[in-house]
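Below you'll find the structure, written out as structure tokens, and then a few comments.
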Ligand SMILES: C[S@@+](CC[C@H](N)C(=O)[O-])C[C@H]1O[C@@H](n2cnc3c(N)ncnc32)[C@H](O)[C@@H]1O
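Numbering (this note's numbering), first residue to last: 2 to 246.
Set out below in structure tokens:
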């Protein structure tokens, strides 16, 4: 089922804010798994001369739809490819992903995250979503990444099914990759347990009324490792206060 325009609008909100600024540098954007291209349609009006926008879709049926829709649009570079084999000669300011991690083995999800992070510029934003009726995180390393790097989280009810939208801010991609490897090693590629998934939870309001979650508020993630600066201070980059996880 294609994503709703409400989910697309919220997913692209930060992109529209940054790319819509009157005075700005050029940006590079990467969209992964666009499906029928609803996010793409919302991103495109924000692209200006000097920006670069790559879109990578694996499925031939969806690629044909995308090609039909956007073939005359000079602002977009469409790639019919498996993201894991996509080797661009650039890094990105924004990575907007609809890749269905819940339908992939944990080992593939890990490869996707490695590749995504390797393609991030310092300060890049990764925007992605999960359907709320699926278990929240299938892989421990992914949960940990979101815990450490999520700068905004929002549930979009007007989507079928409703979706939980995350924005991760990656100031230092190398550090983030190291966190990923550490957590992947610790979890040994296993799926996250029911207990870990459904353990302590709570939430609070972030920017624009969005919901932000983090750990128990003791400055330590659930695995007892020292918390990130964000976890220790209880603050995210935009200054919104994080409440108990
Ligand atoms: C949940 S759907 C995207 C839905 C999209 N937001 C829409 O409204 O149509 C996930 C998409 O990811 C694509 N995909 C899955 N694995 C991929 C891969 N390895 N590389 C690129 N695209 C992939 C699928 O073909 C599918 O189009």
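Beta carbons are placed, not taken as given, at the ideal position from N, Cα and C, and that holds for glycine.
Which residue marks the beginning of the beta strand (DSSP E) containing residue i, and which one marks its end?
i, result
"residue 165", "164-171"
"residue 56", "53-58"
"residue 289", "As shown, the chain starts at 2 and ends at 246. That puts residue 289 outside it, with no answer to give."
"residue 32", "29-33"
"residue 79", "78-81"
So, at 6 Å on beta carbons, what are the nonlocal neighbours of residue i in its own chain, with the 5 sequence-adjacent residues on each side left out?
i, result
"residue 169", "127, 150, 151"
"residue 18", "none"
"residue 224", "Confidence at residue 224 is low in this model, with a pLDDT of 40, below 50, so the placement of that residue should be treated as unreliable; the coordinate-derived value is given next. So no residue of the chain qualifies."
"residue 5", "159, 160"
Return the chain-ordered list of same chain residues with a C-beta closer than 8 Å to the C-beta of residue i, the five sequence neighbours on each side being excluded.
i, result
"residue 78", "53, 54, 55, 56"
How is the alpha helix (DSSP H) around residue i delimited, first residue to last?
i, result
"residue 93", "Premise fails: residue 93 lies in the beta strand (DSSP E), 93-98, not in any alpha helix (DSSP H)."
"residue 39", "39-44"
"residue 84", "Element bounds for residue 84: n/a, residue is neither H nor E."
"residue 283", "Here the chain has residues from 2 to 246 only, and residue 283 is not among them."
Closer than 9 Å, CB to CB, is residue i near chain C or not?
i, result
"residue 26", "Of the protein chains in the structure, only one exists, and it is not chain C."
Leaving aside the five residues before and after residue i along the sequence, list all residues of the same chain whose C-beta is less than 7 Å from its C-beta, in chain order.
i, result
"residue 156", "133, 163, 165, 212"
"residue 209", "Because residue 209 sits at a pLDDT of 39, beneath the cut-off of 50, its placement in the model cannot be relied upon, and the following sentence gives the value as read from the coordinates. Hits under 7 Å: none found."
"residue 76", "45, 48, 54"
ask   = Three or more C-beta pairs closer than 8 Å, one from the segment 37-45 and one from the segment 102-118: is that the case here?
value = no
key: Complete beta strand (DSSP E) runs within the segment 106-184 (minimum length 3 residues, chain order)   = Given a length threshold of 3 residues, each whole run of the beta strand (DSSP E) inside the segment 106-184 is given here in chain order: 121-132, 151-157, 164-171.
inquiry  = For the pair the segment 73-83 and the segment 110-124, tell me if three or more CB-CB distances fall below 8 Å.
reply    = no
ask   = Contact between the segment 49-66 and the segment 119-134: three or more CB pairs below 8 Å?
value = no
request  = Would you check if there are 3 or more beta carbon pairs closer than 8 Å linking the segment 85-93 to the segment 28-35?
outcome  = yes
message = If contact is defined by three or more beta carbon pairs under 8 Å, each pair taking one atom from either stretch, is the segment 130-148 in contact with the segment 156-167?
response = Between the segment 156-167 and the segment 130-148, the count of Cβ pairs shorter than 8 Å is three or higher; the stretches touch.
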